[in-house]
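Chemist:
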Amino acid sequence: MTTDGSITANLTPLPDKVGVEGLEDKWTKDWEKNQTFAFQGDRDRKAVYSIDTPPPTVSGHLHVGHVFSYTHTDIIARYKRMRGYDVFYPMGWDDNGLPTERRVQNYYGVRVDTSLKYDPGFKPPFEGTSSKRIDARDQVPCSRQNFIELCGKLSAQDEQQFKDLWIRLGLSVDWKNSYHTIGERARRVAQKGFLRNLARGEAYQKEAPGLWDVTFQTAVAQAELESREYPGSYHKLAFHKSDGSGDVCIETTRPELLPACVALIANPDDGRYKDLFGTTVLSPLFGVEVPVLAHPAAEMDKGAGIAMCCTFGDVTDVSWWRDLHLPTRAILLRNGRINPETPDWIATAHGREVYAAMSGKTTFSARKVLVEALRESGEMIGEPQPTTRMTNFYEKGDKPLEIITSRQWYLRNGGTDMDLRRQLLDRGAELRFHPDFMRARYGNWVNGLNTDWLVSRQRFFGVPFPLWYPVKTDGVVDYDHPITPSEDRLPIDPTTDVPEGFTEEQRDQPNGFTAEKDIMDTWATSSMTPQIVTHWDEGDGLFEKTYPMDLRPQGQDIIRTWLFSTIVRSHLENHVLPWKDAALSGWILDPDHKKMSKSKGNVVVPKEPIDKFGADAVRYWAACARLGVDATYDTGQMKIGRRLAIKLLNATKFALGIGREDENHHVGQSAQGVWNPADVTEPLDKAAMAKLASVVRRATTALDEFDHAKALNLIETFFWEFCDDYIELVKNRAYGTADDHDDVPSEAAVASARTTLGLGLDAFARLFAPYLPFATEEIWHWMHAGEGSVHRAAWPDADAYESIAADASVSILDNAGAALAALRKVKSEARVSMKTPILSVTLKAMPQGVRDIEAAFGDVLQAGKVTGEARLAELGDEDIAAAGIEADATQTAYDKAAADHLVLTSDAELGEPLAKKKKN
RNA sequence: GGGCGAUUAGCUCAGCUGGUCAGAGCGCCACGUUUACACCGUGGAUGUCGGGGGUUCGAACCCCUCAUCGCCCACCA
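Going letter by letter, the first sequence gives residues 597 to 1516 in the working numbering.
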């Protein structure tokens, strides 16, 4: 659009019959060929809009939820592009972490062994040709580097599925900017980020009890916890007072931890146990002497009011153990089994016998052994009472977490440092959440942190810590003095790379070095996606043009992980918020309002609806849902989207087709090949432009506020009004004919209608472009062949339409439309064809309505096929009352307003219906 | 237990700072092959705005309270 609002147009042949089929294929190829969505990168930060796209888990399954949230992002990307931004819209693939590790293990029959060297000629035993699951024992060990290579190979296939879907859906991603979370750049950024954290003291290691998953045999972070209901039983056990004066009974759901008991704890104010504080008791079965102590965290109304503290049954035990300086008596191994070696603190023969019976067993089996022994000894009071309690699980695990002492790396995230916490809360306040109420989840989470971020995992596949440790002369590893590589070597794998100043022969030797074998939490990499995609610290200039980024779209379920951890990293590394806006999408619910998830088996594969309704239609369904609002999977909504796309094609074909035979009034081809705003002279046409200006203005505001659904609703509503009322009203005038009427419209009036139709449909192509990229591209090329893509065209400018409208009132369109509807109603109620002429009629409206209808009277009469006398009169009070509009004195202003667009007819006289064709 | 959100027509959902605020589409009923569209058009019917209080001239909207549903966090003796 030029500054005066004129729009050039080139005509191409129009199809006889339009349809949405085939558009996706056609335009996808065109966009690829012309690199329509390529990031240009030649302008400064202000002219760039950068998006931190969520990398989908490639080993996961596609479902319509993906389509939903990625469509929301794409709408914004396309909108910003039309607003003139150079849109930086990369795509990542998440192939780092446990899901991929498991998939690669099973697919190729391999597992990582960090003691192995990289073997360039390594061939996996399987290629996924066998459907048989490979037993873990038969998996062939390979080096981490070989595993990463296999992962890359397999991910490439999985990615292709996602990429195909994204392309089919019309995501305007720049495919040249894609990344892998296990790829070289991601590993380098994650390692560099960590080394910087380490240098600044933000990363530290600590030997401490922590939550541990016995299945995966790794520590897990607070952010990966999930509370689930878990069945258990209360066991009432009798401890014996050391002075022989009787028993103290406690209740526990973990009797198998009895050998790990280090104290009994009660509340200092609990009168029942006051006298016992400072004394000792002997544990049942094992006869281990433990103190009875007071601690305020003990709750009087829980269980017996006195608890046994074991090392470690739960996090409360840990805090008691720490606060009261209790000894450590761990009996649980990392694999979740009871240590086979009988601990030396169990002295009695009977105790050692019982322990021997439970040693080496899982906690579940050990509990059975112990309960039986307690029954026999009579030290269990009554039978176990079944109960259900909430227990912490690793989100990917199916056994309750245990607490195991281990050396782990932590990253400060405000969990222990209140000053940092405040800073991070401030960052949260600075970020614009869409919708805003999602902000509460951020604050909720940050305020609830109780530890720093545990970033080390005892897994094999992932980004390794870029660390070695010195081995002392006596062969002991000196963890306190980690050896780091220089940054220019990154990424490295310490299990195969050698630290500067050492040789490979010194690996694991006295006076040599040893590798840190742990890998980083997958979020330790994902938290740096902004730095990864913007080429942080690479010196190629991209970072300065794209960072801090503009938008982070993501799911609401990962606010505590991805969103929070990204803020942590950016805050620590770049001292800035990583993006201005965060857009949170809701869930997809199935038609029964259940959340769609693989485990529920109610997942819809996205290909189905796209095949059936078309990509534009599926996008329409997604676009109808606001951010943060759960949406029902609704094929009915997709049908409406499909209908909208078809309507858009038809309406445009019609408007462009009018006057094609007429050389002088070719729509879009005036002498200068433009739709010239000066040609819009008729009041009705100006009113349509006025309405368009208002819709553009409001839709633009809505999109600026990330309310794509509201913008769509505004555009769509006006589009249907434009079709049903405006086009119907001006149809005859645009044709320049007057079959049923004496007055042939003037050339100026014809040009006014045609120009308005052209300007209007041009505007709709642009307005719908972010939503229906395929249909709009199609019609765009009917109008603007050779001018490139609608997706690189300018977003409509409300001011330009407003100046075309000049002083015309929007209400002319409203009232002329209402008058046409009133005339249609006459025919509809008489059950005759809309073609039936009206011989005479009186139209009644409010005073403004009368003026408005008068301004478009010719069009109204033409469209209504009024051939005879038409009278225009003001509505009387009795008419208004008859229409059911109350005229209460105190509310006159508002009820009169309700009558503003009320148009009634009276004394209508219908002509002969045109001869009906006989039904065959 | 703490927090966030939702509850409007049979269905899916809009409804902004309290006054165009009882709305849209689907579905339903009736009519109509009209030179863009039968993948259609036109017209119509449909609601104690979850319940109960309160504030106000006026409440779907603000306040209190209860209920139901969903989610987040905490709850492991």
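By construction, the Cβ of each residue, glycine as well, lies at the ideal position given by its N, Cα and C atoms.
Computed from a predicted model, the values in this text were never measured in an experiment.
#1: Less than 8 Å between the beta carbons of Tyr1006 and Asp1074, yes or no?
#2: With C-beta atoms as the reference, is Leu821 less than 8 Å away from Val844?
#3: Check whether the Cβ atoms of Phe1302 and Ala1179 lie closer than 8 Å to each other.
#4: Below 8 Å, can you find three or more Cβ-Cβ pairs linking the stretch 792 to 812 to the stretch 967 to 978?
#5: From the DSSP output, in three-state form, read off Ser823 for me.
#6: Ignore the nearest five residues each way along the sequence and tell me which others in Ser961's own chain have a CB closer than 8 Å to its CB.
#7: Please state whether the Cβ-Cβ distance between Gly766 and Gln735 is less than 8 Å.
#8: Please work out which residues of its chain come closer than 6 Å, Cβ to Cβ, to Arg1148, disregarding the five sequence neighbours upstream and downstream, and give them in chain order.
#9: Going along the chain, which residues of its own chain have a beta-carbon closer than 7 Å to the beta-carbon of Asp612, five neighbours each way excluded?
#10: Using DSSP bridges, identify the partner residues of Pro982.
#11: Who does Ser1002 pair with in a DSSP beta bridge?
#12: Taking the alpha-carbon positions, what's the Ala862 to Ser646 distance?
#13: Please check the pair Thr777 and Asp994, which I expect to be a contact at CB under 8 Å, by giving their CB distance rounded to whole angstroms.
#14: Using three-state DSSP, classify Lys1141 as helix, strand or coil.
#15: How would you call Gln1105, buried or exposed, if buried means at least 16 neighbouring beta carbons within 10 angstroms?
#16: Can you look up Glu1278 in the DSSP assignment and give me helix, strand or coil?
#17: Apart from the five residues just before and just after Gln787, which ones in its own chain have a Cβ nearer than 6 Å to its Cβ?
#18: Considering only residues of the same chain and omitting the five flanking positions on each side of Arg1294, which have a CB-CB separation below 7 Å?
#19: Three Cβ pairs or more, each shorter than 8 Å: is that satisfied between the stretch 1497 to 1511 and the stretch 1428 to 1444?
#20: According to DSSP, Val1499 sits in a beta bridge with which residue or residues?
#21: Out of curiosity, what's the CA-to-CA distance linking Lys676 and Val683?
#22: Is it true that the stretch 902 to 910 meets the stretch 848 to 857, where meeting means three or more beta-carbon pairs spaced less than 8 Å apart?
#23: The alpha helix (DSSP H) that contains Thr1248, what's its start and end?
#24: Suppose you measure from the CA of Val965 to the CA of Ser841; what does that come to, to the nearest Å?
#25: Could you spell out the range, first to last residue, of the alpha helix (DSSP H) harbouring Val1326?
#26: Can you list, in chain order, the residues of its chain with a C-beta nearer than 8 Å to that of Val1499? Leave out the 5 residues immediately preceding and following it.
#27: Between Pro827 and the rest of its own chain, which residues show a CB-CB distance below 8 Å, the 5 nearest in sequence each way excluded?
#28: Do the stretch 1356 to 1374 and the stretch 1398 to 1411 touch if we need at least three Cβ pairs shorter than 8 Å?
#29: So, is Ser665 buried or exposed, given that buried needs 16 or more other C-beta atoms within 10 angstroms?
#30: Across the stretch 1451 to 1460 and the stretch 1276 to 1291, are there enough close Cβ pairs to call them in contact, namely three or more that are closer than 8 Å?
#31: Give the DSSP-derived three-state secondary structure of Gly1464 in the structure shown.
#32: Anyone know if the C-beta pair for Val663 and Ala1218 falls short of 8 Å?
#33: Quick one, which of Ala1247, Gly1197, Ser1181, Ala1390 has its alpha-carbon nearest His1030's?
#34: Leaving out five residues before and five after Tyr1490 in sequence, what residues of the same chain have Cβ atoms less than 7 Å from its Cβ?
#35: On the premise that Lys1327 lies in contact with Ala1459, defined as a C-beta separation below 8 Å, what is that separation, rounded to the nearest angstrom?
#36: Less than 8 Å between the beta carbons of Arg703 and Ser739, yes or no?
Modeler: Short version:
#1: Stepping through the first sequence from its first residue, residue 1006 is reached at position 410. Stepping through the first sequence from its first residue, residue 1074 is reached at position 478. Result no, Cβ atoms of Tyr1006 and Asp1074 do not sit closer than 8 Å.
#2: Here residue 821 refers to the residue found at position 225 when the first sequence is read from its first residue. Here residue 844 refers to the residue found at position 248 when the first sequence is read from its first residue. No.
#3: For the purposes of this step, residue 1302 is taken as residue 706 along the first sequence, with counting starting at 1. For the purposes of this step, residue 1179 is taken as residue 583 along the first sequence, with counting starting at 1. In this structure, Ala1179 lies closer than 8 Å to Phe1302 by Cβ.
#4: no
#5: The residue labelled residue 823 in the question sits at position 227 within the first sequence. Here Ser823 sits in strand by DSSP.
#6: Looking up residue 961 in the first sequence gives position 365. Taken in chain order, the residues that qualify are Met954.
#7: To locate residue 766, count along the first sequence from 1; it is residue 170. To locate residue 735, count along the first sequence from 1; it is residue 139. Cβ atoms of Gly766 and Gln735: not closer than 8 Å.
#8: Counting from 1 along the first sequence, the entry for residue 1148 is found at position 552. Taken in chain order, the residues that qualify are Asp648, Trp1175, Ala1178.
#9: Your numbering for residue 612 matches position 16 in the first sequence. Around Asp612: no qualifying Cβ.
#10: For the purposes of this step, residue 982 is taken as the residue at position 386 of the first sequence. Answer is Ser829, bridged to Pro982.
#11: As a working mapping, residue 1002 is identified with position 406 in the first sequence. The partner list for Ser1002 (beta bridge, DSSP) reads Ala804.
#12: The residue labelled residue 862 in the question sits at position 266 within the first sequence. The residue labelled residue 646 in the question sits at position 50 within the first sequence. Using only the alpha carbons, I get a separation of about 56 Å.
#13: The residue given as residue 777 occupies position 181 in the first sequence. The residue given as residue 994 occupies position 398 in the first sequence. Not quite, the Cβ-Cβ distance comes to about 25 Å (not below 8 Å), so this is no contact.
#14: Here residue 1141 is taken as the residue at index 545 of the first sequence, counted from 1. Residue state, collapsed to three classes: helix.
#15: As a working note, residue 1105 is residue 509 in the first sequence. Exposed, since its Cβ has fewer than 16 Cβ neighbours within 10 Å.
#16: The sequence position of residue 1278 within the first sequence is 682, counting from 1. The three-state secondary structure of Glu1278, taken from DSSP, is coil.
#17: In the first sequence, the residue the question calls residue 787 occupies position 191. Cβ neighbours of Gln787 beyond the five flanking positions: Pro1062, Leu1086, Pro1087.
#18: Taking the first residue of the first sequence as 1, we reach residue 1294 at position 698. Result list for Arg1294: Leu1310, in chain order.
#19: The stretch 1497 to 1511 makes contact with the stretch 1428 to 1444; the number of CB pairs closer than 8 Å reaches 3 or more.
#20: Position 903 of the first sequence, counted from the start, is the residue given in the question as residue 1499. Ala1441.
#21: By one-based count along the first sequence, residue 676 stands at place 80. By one-based count along the first sequence, residue 683 stands at place 87. Cα-Cα distance, rounded: 7 Å.
#22: yes
#23: The residue labelled residue 1248 in the question sits at position 652 within the first sequence. That run of the alpha helix (DSSP H) goes 1231 to 1253.
#24: By one-based count along the first sequence, residue 965 stands at place 369. By one-based count along the first sequence, residue 841 stands at place 245. Answer to the nearest angstrom: the Cα atoms are 29 Å apart.
#25: Taking the first sequence and counting its residues from 1, the one referred to as residue 1326 is at position 730. Where Val1326 is concerned, the enclosing alpha helix (DSSP H) stretches over 1324 to 1331.
#26: Walking along the first sequence from the start, residue 1499 turns up at place 903. Closer than 8 Å at Cβ, skipping near neighbours: Asn1411, Ala1414, Ala1415, Ala1417, Ala1418, Leu1439, Lys1440, Ala1441, Gly1445, Ile1449.
#27: For the purposes of this step, residue 827 is taken as the residue at position 231 of the first sequence. Correct list, in chain order: Pro982, Thr983, Thr984.
#28: no
#29: On the first sequence, residue 665 is found 69 positions in, with the first residue counted as 1. Result: buried.
#30: yes
#31: Here residue 1464 refers to the residue found at position 868 of the first sequence. The answer is strand: DSSP assigns Gly1464 an E or B state.
#32: Along the first sequence, read from residue 1 onward, the residue named residue 663 stands at position 67. Along the first sequence, read from residue 1 onward, the residue named residue 1218 stands at position 622. Taking 8 Å as the Cβ cut-off, Val663 and Ala1218 qualify as a contacting pair.
#33: As a first step, residue 1030 is located in the first sequence; it is residue number 434 there, counting from the start. Answer by Cα proximity: Ser1181.
#34: Within the first sequence, residue 1490 is the residue found at index 894, counting from 1. Below a pLDDT of 50, predicted positions are generally treated as unreliable, and Tyr1490, at 48, falls in that range; the measurement from the model is reported next regardless. Cβ neighbours of Tyr1490 within its own chain (closer than 7 Å, five residues either side excluded): none.
#35: Against the first sequence, residue 1459 aligns to sequence position 863. Against the first sequence, residue 1327 aligns to sequence position 731. So it is a contact: roughly 7 Å between Cβ atoms.
#36: For the purposes of this step, residue 703 is taken as the residue at position 107 of the first sequence. For the purposes of this step, residue 739 is taken as the residue at position 143 of the first sequence. Reading off the sequence, residue 703 comes out as Tyr, not Arg. Cβ atoms of Tyr703 and Ser739: not closer than 8 Å.
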